[in-house]
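Below is one structure, written out as structure tokens, with a few remarks after it.
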Amino acid sequence: MKKDWSLWEVFIRSKNGLSHKHVGSLHAADAQMAIENARDVYTRRNEGISIWVVESKHLTASSPNQAESLFDPADDKVYRHPTFYDLPNELKHI
Amino acid sequence: MTLQEAKLKYILRMGDNALILGQRLSEWCGHGPILEQDIAITNIALDLMGQARSLMQYAAEIENKGRDEDQIAFLRDAWDFRNVLLVEQPNEDWAYTITRQFFFDAYNFYFHQKLVESSDVHLAAIAAKSLKEVTYHLRYSSEWMIRLGDGTDVSHQKMQDAVNELWMYTGELLEMNEVDEIMIAEGIGVDLNVIKPLYEQTINDILAEATLQKPVDTWMQRGGKSGRHTEHLGYILADMQFVQRAYPNMKW
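See below:
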């Protein structure tokens, strides 16, 4: 039998229409307990209306060693941002 | 007994249950078996403290003697407390704490489910707010009863011991006296005979799911509802009331 509870990552949606955001991690014996623990640890001050938990071991992360090759190439590609349109003056909030 | 006296006693009984159990649970603060449960159990303690506060504010209003909720909580002695004996029992270990919580939650949930229909609108409003919290408490303690009862040999034995030891304090939960009769007649209070089958069903179901043996009904302890307490209450009050008594009217 495993003695230590596994680690879970917690995602909270703060209100309808927004997406779930990673808020932290916690220990739990299974998914049900992870949800309850997340409720107690991360939503005490009205932070959320929905919780997702996923066991940390199921996450695959990009390697910090590869950061240069993964992300730096995007630095000089300004044309990927929609900043080249001429907008009429009447249009606001875009 | 006048209606006012009965109502005051009824509300203090609820308030004292919440206050004393909340105080007991808060003893776990910083000592929980794991950080997540330390937070969970003290969350429940805080819920109960909040309920005690609302109820004692209302009690002070009914009493109308110029006392406030702090004076009611901190300046009464043991014989004036009307909480059931179950809630003043010591934490002992996690198994005891969870079992005590489960027995109380099972009663408290069905009690509040009915109390929201009270003819006293103020009390019904307090009950509606508390019901959401109490629903979670019951879910929480039931979950842990099942996990530990149906867990390892050691956790099962610890839970069974706790169930056996605390069983004699469960009879009082559904006991009624003159106060209840007056409150039921006025449509203010809950007829505990009505919630009894619901309570027993929950106890039976969860104990069965937790693979725990339901103790045989023998002698049931009683007295809390009329102010006769176990020796534990005095120690709780000594802890809880010391500062207010040593430094009267002290505020944070």
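Here the protein sequences line up with chains A and B, keeping their order.
First residue of the first sequence: 12, per our numbering; consecutive thereafter.
First residue of the second sequence: 18, per our numbering; consecutive thereafter.
Note that CB positions come from ideal geometry on N, CA and C, so glycine has one too.
Query	Result
Cβ-Cβ distance between residue 121 of chain B and residue 138 of chain B below 9 Å	no
Residue-level contact to chain A via CB, residue 60 of chain B, 9 Å cutoff	yes
Beta-carbon proximity of residue 200 of chain B to residue 27 of chain B, cut-off 9 Å	yes
Member of B/215, B/212, B/48 whose CA lies at the smallest distance from the CA of residue 114 of chain B	B/48
At least three beta-carbon pairs within less than 8 Å, the region 159 to 167 of chain B to the region 93 to 107 of chain B	no
Min CB distance residue 57 of chain A to chain B below 9 Å	no
Ranges of the alpha helix (DSSP H) found wholly within the region 61 to 135 of chain B, counting only runs of at least 4	86 to 91, 102 to 105, 111 to 132
Option nearest residue 40 of chain A by Cα separation, candidates A/17, A/102, A/93, A/54	A/17
Reduced DSSP category for residue 22 of chain A - H, G, I as helix; E, B as strand; rest coil	strand
Short CB-CB distance (under 9 Å) between residue 47 of chain A and chain B	yes
Three-pair Cβ contact test at 8 Å for the region 176 to 187 of chain B versus the region 217 to 237 of chain B	yes
Under the three-state DSSP convention, the category residue 161 of chain B falls into	helix
Counted within 10 angstroms of its Cβ, other Cβ atoms place residue 194 of chain B as buried (16 or more) or exposed	exposed
Opening and closing residue of the alpha helix (DSSP H) in which residue 29 of chain B lies	20 to 43
Per-residue contacts from residue 8 of chain B into chain A (C-beta, under 7 Å)	Any property of residue 8 of chain B remains undetermined from this structure, which presents chain B solely from 18 to 269.
DSSP-derived helix/strand/coil call for residue 255 of chain B	helix
Buried or exposed by the 16-neighbour rule on C-beta atoms within 10 Å, applied to residue 33 of chain A	exposed
Every unbroken beta strand (DSSP E) inside the region 37 to 68 of chain A [3 residues or more]	61 to 66
Interface flag, residue 38 of chain A vs chain B, CB-CB below 9 Å	yes
Near the ligand FMN: residue 175 of chain B beta-carbon under 8 Å from a heavy atom	Summarising the ligand content, the structure contains no ligands, and the ligand FMN is consequently not present.
Interface residues of chain A facing residue 51 of chain B [CB-CB closer than 7 Å]	38
Span of the alpha helix (DSSP H), counted from its first residue to its last, around residue 216 of chain B	209 to 226
Residue 17 of chain A - DSSP class collapsed to helix/strand/coil	strand
Listed by chain order, chain C residues near residue 57 of chain B by CB distance under 9 Å	In the displayed structure, chain C is absent; the protein chains listed are A and B.
Nearest-angstrom beta carbon gap, residue 40 of chain B and residue 257 of chain B [assumed within contact, 8 Å]	5 Å
Cα-Cα separation, residue 53 of chain B to residue 20 of chain B	45 Å
7 Å Cβ cut-off: residues of chain A touching residue 150 of chain B	By Cβ distance, chain A contributes nothing, its closest Cβ being about 12 Å from residue 150 of chain B, past 7 Å.
Residue-chain proximity (residue 63 of chain A, chain B), Cβ-Cβ < 9 Å	no
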